[in-house]
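Chemist: The structure follows.
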Amino acid sequence: MSEQSSNESGVEPTGAGSAGSAEAATEPTPVRPAEVDSVARAAQTPELPLPYAELGMKDDEYARVREILGRRPTSAELAIYSVMWSEHCSYKSSRVHLRQFGDKAPQSDALLVGMGENAGVVDVGNGWAVTFKIESHNHPSYVEPYQGAATGVGGIVRDIISMGARPVAVMDSLRFGPPDAPDTRRVLDGVVRGVGGYGNCLGLPNIGGEVVFDDCYAANPLVNALCVGVLKPEGIKRAIAPGPGNKVILFGAGTGPDGIGGASVLASATFDEESQAKRPSVQVGDPFMEKLLTECCLEIFDEDLVVGIQDLGAAGVSCATTELAAAGTGGMDIDLNTVPLRDPTLRPEEILMSESQERMMAVVEPAKVERFLEVCAKWDVPATVIGEVTDTGRLRMTWHGETIVDIPPGTAADEGPVYERPYEVPADLAQLQADGPGRLPRPATPEDLRNTVLWLAGSPNLADKSFVTSQYDRFVLGNTVLAMPEDAGLIRIGDGPQGIALATDGNGRYARLDPYAGAQLALSEAYRNVATTGARPLAVTNCLNFGSPEDPGVMWQFARAVEGLADACQALGVPVTGGNVSFYNQTGTTPINPTPVIGVLGVHDDVNRRVPMSFNVEGTTLLLLGETRPEFGGSEWAHVVFQHLGGLPPRVDLAAEAALASVLVAGAREGVLNAAHDLSDGGLSQSLVESCLRGGLGCVVDLPDDPFTELFSESVARAVVAVYPEHEERVTALAQAAGVPVRRLGTVGGDAFEVAGLFSIPLSELREVHQGALPALFG
Amino acid sequence: MSARVGVITFPGSLDDRDAARAVRLADAEPVSLWHAEGDLLGVDAVILPGGFSYGDYLRAGAIARFAPLMEKLVAAARDGLPVLGICNGFQVLCESHLLPGALTRNTGLHFVCRAQRLRIENAETAWTTDYEEGQEVVIPVKNMDGCYVADPETLDELESSGRIVARYLDVNPNGSLNDIAGICNEAGNVVGLMPHPEHAVEALTGTSTEGLGFFTSVVKKLVAA
Amino acid sequence: MARFIVEVMLKPEILDSQGQAVARALPRLGFEGVTQVRQGKRFEIEVDGPADEAATERVRKMAETLLANPVIETFELRAE
Amino acid sequence: MARFIVEVMLKPEILDSQGQAVARALPRLGFEGVTQVRQGKRFEIEVDGPADEAATERVRKMAETLLANPVIETFELRAE
Ligand SMILES: Nc1ncnc2c1ncn2[C@@H]1O[C@H](COP(=O)(O)OP(=O)(O)O)[C@@H](O)[C@H]1O
Ligand SMILES: [Mg+2]
């Protein structure tokens, strides 16, 4: 888990105030506005009260800062500690749990860089490595959907660049409130434009994601963006500042007052200034600058011009300097006056906290500085030397000649508070689990079944997502082999034939019913989606979207989800390489459904053998792989037809999942699968609908037992495959050898989706409901 | 000796690598040209690739038009150098007045990315001789500002002189007048195209291989010359 | 019939990437001495009825809710 | 330092999809009686030196060649 680079604005509620503390009782010394809160001044005015509580710092945290420094912090130092020790930078509530990802990590030779860096790196063979990560930008996307989503994409792309990689694709996992609520239109429209506006302009193909609607996200949409990059293993870069005398260079956009609503508290509280200019809490992105920055960085890496590099995300310069210094020789001197400003009125605290986008910080040997600046100039990227690495063990910053920061950088970067927050089972969980879907009336007649198929196919969560995905460029870079609506995105790397596949999945309803299982089910589905294309699942990233960690019920959900995910990763042999935690996703005291979103990366030895989802060869045989049980807890059927949520989610079966994947991967390698599509939300019904519409051919299937269960159950570890008749035997043998139940379902052909003896739906009718739903709501 | 086809990279160009790949697949040699250079390096033809030059800020193509290399290109194009502008490249050609009209915001106001059916209307330009007139092909479109507009006289002139190179079929993705997907100059050496033939050169990664003809057309012409 | 002009500009503290890109490009295009460019939107709005107080109020409401995004933009309104 | 405003609008014969989209959205938001909306651009430009004839001419040149596309747009320029 990257503990440094969550790009999300801090939204921690401010803690208990400091009223009544010793300091608050002291008379503040009047200070002239021009005066700088230097280290010397801090020593002279030990009791000057600082607004730490307004910055979200607790009494004991502030006391620790004083103890570390042996004096009160300067306002600039307080700025640094307050952002670095915030939840989103320090992972203070989640850290004790996230350790499991490392402790339980399966043995993997592929892992080149694990958790803790900007993003994990895995070796995919043939001299290539891949880095990928998913990150949230939920709260900003509610406040200003376009900019929130855009800067979310921008931030994750910079994380990938800072590993030394060329970004090659993005994905977006989105969750919104009820589709018919007017505010959903505002948020969806802006978010989709923002994801597209930024990603398209950067020239990164969007190869997949999710669009989910649920009432619980009404005032708290989830915008999780994933980026994947490709590099040579020897080209991996780190966020470190080694070598005294090396120069620290800030490059990219100028620093402005973006996202520093909180910092003005500092300036006004410490300095009694007449009035601070308004400081926006939204960040605004400039994808064009990011594109220049990308090309500039890649040229810099090619010429081997940096010894360390870090992107500036949340906490901007504070974060980059403390982390680079802490991970390097240990010391750094920075002259804050040299930071290029977009707004000359910014105070040092604000410069330190600014979240202006499209900036990077590099550590460069003196002999290479000139060439570094030349490359930046070629790309029209402003670059400035702002300091140098030292061996003092101190991070020192000056402002107009006075020292305003003098701290051991590790104390801010690595030694933040760690909480063991109390947790307990949510009070309503037992009742929720007891209220199973068994009481819901099931469709009784063939006509009812037919209508249910159509109803689900046209429901917002299962409907065709082209309205969203057609706003994204999926062709750029010319390596996209599969993209939406396929089960996973698949891109060719190098000159081929090798490729990588990626899928993201999450199901908040499952996780609400059982967070341990819910996290595993999300992994299970993403793993299956990747394998369905023929790729071998290799590694995992995750974005954990939860309510307030101060709510013991939420904390229990979180702890269970992490445990579930760590256990499942171990069982499936796929390590977690990084991710992101987003807390405080709630409206008032009502948290969202716990929503772990899991991204799985797989490798494809030969992308020419990818298996698409479309039924497009008349007469191919349909086989169903896996076992179907009557499992409807948290299902789309219960949700769409009854708005019901209760009972238990489908049973997790990781061994079956691994076995199914082995069959799909072997089948792809042998070239015996004409099409494959996994079964997940909406069950077999939905899978067949999607594959028929994608390929433009119908199918006839036999469902002799219990057609309702066969059509709509969401049991895991299942997929439907279309095979040429001459390959039927081989695929059956592969399945049997792996212990995967296999059954002949029917045949591809015609222009209707037909269940023999029960009903038939012309594809034209299906197409209308499936493709018409989102445009009708949002077009 | 194989033909040398230049691909200009502006700050914010995105499909330059794809255009170079398409040139290679057409058995010619791609030559990277940097917008800030003052020399076309003696190439035999030039492609202005898709993307968001200068972020599409102001108007798509408006700033790129002033690149130092564009001055050279405009002169060479007037002298008959084959030039293909794809998407953003088309926008740059219009802004440079090498082609008439302009490209404005899609009428649906959304970025649109889809596999698009087209009809090749003019198979005699430098870039389309490998097609038949009336041939239908599927090639991706992806743009935000792809709505072709021109005054009625210009449109009449384009229509009557056969200068519509390609037209959208089934769906008009951006509201272009007369379903125009591409046009050419009077001499037929300069072609502007909204769809992206460079994304339809390999069956594996494109919608088809039906875009390759644009590249093979010019290469044949150059090799024959 | 009344005619109104609504001018929408980004708040000064918000990054105006378009304006900046134009400003950065100008010297290369031979225009020196430009110190700042800001780019915004301009709407011309025609409404039925007289250009009275009520009409102005309606257009102001429109500007607030639709034409400008108050999180990042400000607007000015005038009758013409 | 001189400050100029350049207003760029689409020529009336060119389809203004953005303006039309606004006009279409208004009734849905409860604003009736709007007969037309046109959307254009507004630039604020600051140049070194006095706001004299020469400066105006330079900005006019900028507007003609860069800020507006004469094929589809017209512009108005004024010092502020
Ligand atoms: N926001 C999005 N961005 C990109 N692709 C998306 C998005 N939402 C859905 N998709 C794509 O649409 C297809 C269908 O989505 P979904 O039904 O969630 O897939 P699955 O059930 O296989 O996980 C997938 O290819 C998915 O990647
Ligand atoms: Mg799937």
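If you're matching them up, the sequences are chains A, B, C and D in order.
Position 157 of the first sequence, counting from 1, maps to 449 under our numbering, and the rest follow consecutively.
Position 200 of the second sequence, counting from 1, maps to 1515 under our numbering, and the rest follow consecutively.
Position 28 of the third sequence, counting from 1, maps to 30 under our numbering, and the rest follow consecutively.
Position 45 of the fourth sequence, counting from 1, maps to 47 under our numbering, and the rest follow consecutively.
In this text, a Cβ means the ideal position worked out from N, Cα and C, and glycines have one as well.
For the stretch 432-446 of chain A, enumerate the residues whose C-beta is nearer than 9 Å to any C-beta of chain C, in chain order.
Modeler: V435, E436, Y438 and Q439
Chemist: In whole angstroms, what separates the C-alpha of G302(A) from that of K350(A)?
Modeler: In this prediction, G302(A) has a pLDDT of 38, which is less than 50 and means its spatial position is unreliable; what the coordinates show is noted afterwards. Answer to the nearest angstrom: the Cα atoms are 15 Å apart.
Chemist: Would K63(D) be called buried (16 or more neighbouring beta carbons within 10 Å of its own) or exposed?
Modeler: Per the 10 Å Cβ criterion, exposed.
Chemist: Any beta-carbon of chain B closer than 8 Å to the one on P470(A)?
Modeler: Among the CB atoms of chain B, none fall inside 8 Å of the CB of P470(A).
Chemist: With V422(A) as the anchor, note down where its beta strand (DSSP E) starts and where it stops.
Modeler: W420 to S428
Chemist: Got a sec: is the Cβ-Cβ distance from L1066(A) to anything in chain B below 8 Å?
Modeler: no
Chemist: Hey, out of V1047(A), G544(A) and G988(A), whose CA is closest to L1055(A)'s CA?
Modeler: G988(A)
Chemist: Return the chain-ordered list of same chain residues with a C-beta closer than 7 Å to the C-beta of K13(D), the five sequence neighbours on each side being excluded.
Modeler: Excluding residues up to 5 positions away in sequence, I74, E75 and T76 lie with their Cβ nearer than 7 Å to the Cβ of K13(D) in the same chain.
Chemist: At a Cβ threshold of 8 Å, is V73(C) touching chain A?
Modeler: yes
Chemist: What are the start and end residues of the alpha helix (DSSP H) that includes S671(A)?
Modeler: It is Trp, not Ser, that sits at residue 671(A) in the sequence shown. First-last for W671(A): undefined, no H or E at that position.
Chemist: List, in chain order, every chain C residue whose beta-carbon is nearer than 7 Å to that of P549(A).
Modeler: Within chain C, the residues near P549(A) are E15.
Chemist: Could you tell me whether the stretch 13-22 of chain C touches the stretch 48-61 of chain D, where touching means 3 or more Cβ pairs closer than 8 Å?
Modeler: As far as the Cβ criterion goes, the stretch 13-22 of chain C does not touch the stretch 48-61 of chain D, which means the pair count is below three.
Chemist: Rounded to the nearest angstrom, how far is the Cβ of T744(A) from that of V889(A), given a contact under 8 Å?
Modeler: Wrong, their Cβ atoms sit about 28 Å apart, outside the cutoff.
Chemist: At which residues does the beta strand (DSSP E) containing K43(D) begin and terminate?
Modeler: V36 to V49
Chemist: Quick one, are the C-beta atoms of E657(A) and V449(A) less than 8 Å apart?
Modeler: The criterion of a C-beta distance shorter than 8 Å is not satisfied by E657(A) and V449(A).
Chemist: Give a yes or no on whether 8 Å exceeds the smallest Cβ distance from R40(D) to chain C.
Modeler: Yes - at least one Cβ of chain C is within 8 Å of the one on R40(D).
Chemist: What span of residues does the alpha helix (DSSP H) with N885(A) cover, start to end?
Modeler: Segment: none, N885(A) is in no alpha helix (DSSP H) and carries neither H nor E.
Chemist: If G537(A) and E680(A) are in contact, beta carbons under 8 Å, what's the gap, nearest whole angstrom?
Modeler: 6 Å
Chemist: Excluding the 5 residues preceding and the 5 following P72(D) in the sequence, name in chain order all residues of the same chain whose CB lies nearer than 6 Å to its CB.
Modeler: none
Chemist: Buried or exposed for K524(A), please, with buried defined as at least 16 other CB atoms from any protein chain shown within 10 angstroms of its CB.
Modeler: exposed
Chemist: From the DSSP output, in three-state form, read off R943(A) for me.
Modeler: coil
Chemist: Any C-beta of chain A sitting closer than 8 Å to the C-beta of L1399(B)?
Modeler: Nearest CB-CB separation between L1399(B) and chain A: not below the 8 Å threshold.
Chemist: Thinking T833(A) and G891(A) are a contact (beta carbons under 8 Å), I'd like their distance in whole angstroms, please.
Modeler: 4 Å
Chemist: Would you mind stating whether A81(D) and A4(D) have Cβ atoms separated by less than 8 Å?
Modeler: yes
Chemist: Could you list which residues in chain A have their beta carbon closer than 9 Å to that of G1366(B), in chain order?
Modeler: C493, G495, K583 and V768
Chemist: Identify the contact partners of Y1268(B) in chain C, using a Cβ-Cβ distance below 8 Å as the criterion.
Modeler: Lying outside 1316 to 1540, the shown extent of chain B, residue 1268(B) is not represented and no answer is given.
Chemist: Do the stretch 858-870 of chain A and the stretch 903-910 of chain A make contact, defined as three or more Cβ pairs closer than 8 Å?
Modeler: These segments do not touch.
Chemist: Using a C-beta to C-beta distance shorter than 9 Å, which residues of chain D count as neighbours of E46(C)?
Modeler: M11, G21, Q38, V39, R40, Q41 and G42
Chemist: Run through chain C and tell me which residues come within less than 7 Å of A33(D), C-beta to C-beta.
Modeler: The sequence given here has Phe at residue 33(D), not Ala. Those are R60 and M64, listed as they occur along chain C.
Chemist: Identify which residue in Y344(A), A967(A) and D578(A) has its Cα closest to the Cα of G546(A).
Modeler: D578(A)
Chemist: With three or more beta-carbon pairs closer than 8 Å as the criterion, would you say the stretch 1382-1392 of chain B touches the stretch 1345-1362 of chain B?
Modeler: yes
Chemist: Kindly list, in the order they appear in chain C, the residues whose Cβ is closer than 8 Å to that of F580(A).
Modeler: S19 and A23
Chemist: Quick one: Cα of M1509(B) to Cα of G1365(B), how far?
Modeler: 9 Å
Chemist: Would the stretch 839-858 of chain A and the stretch 921-939 of chain A be scored as touching if the rule is three or more Cβ pairs under 8 Å?
Modeler: no
Chemist: Would you mind stating whether T1581(B) and A1360(B) have Cβ atoms separated by less than 8 Å?
Modeler: It is not possible to answer for residue 1581(B), since the shown part of chain B is limited to 1316 through 1540.
Chemist: Measuring CA to CA, which of A617(A), T879(A) and L769(A) is closest to G1521(B)?
Modeler: L769(A)
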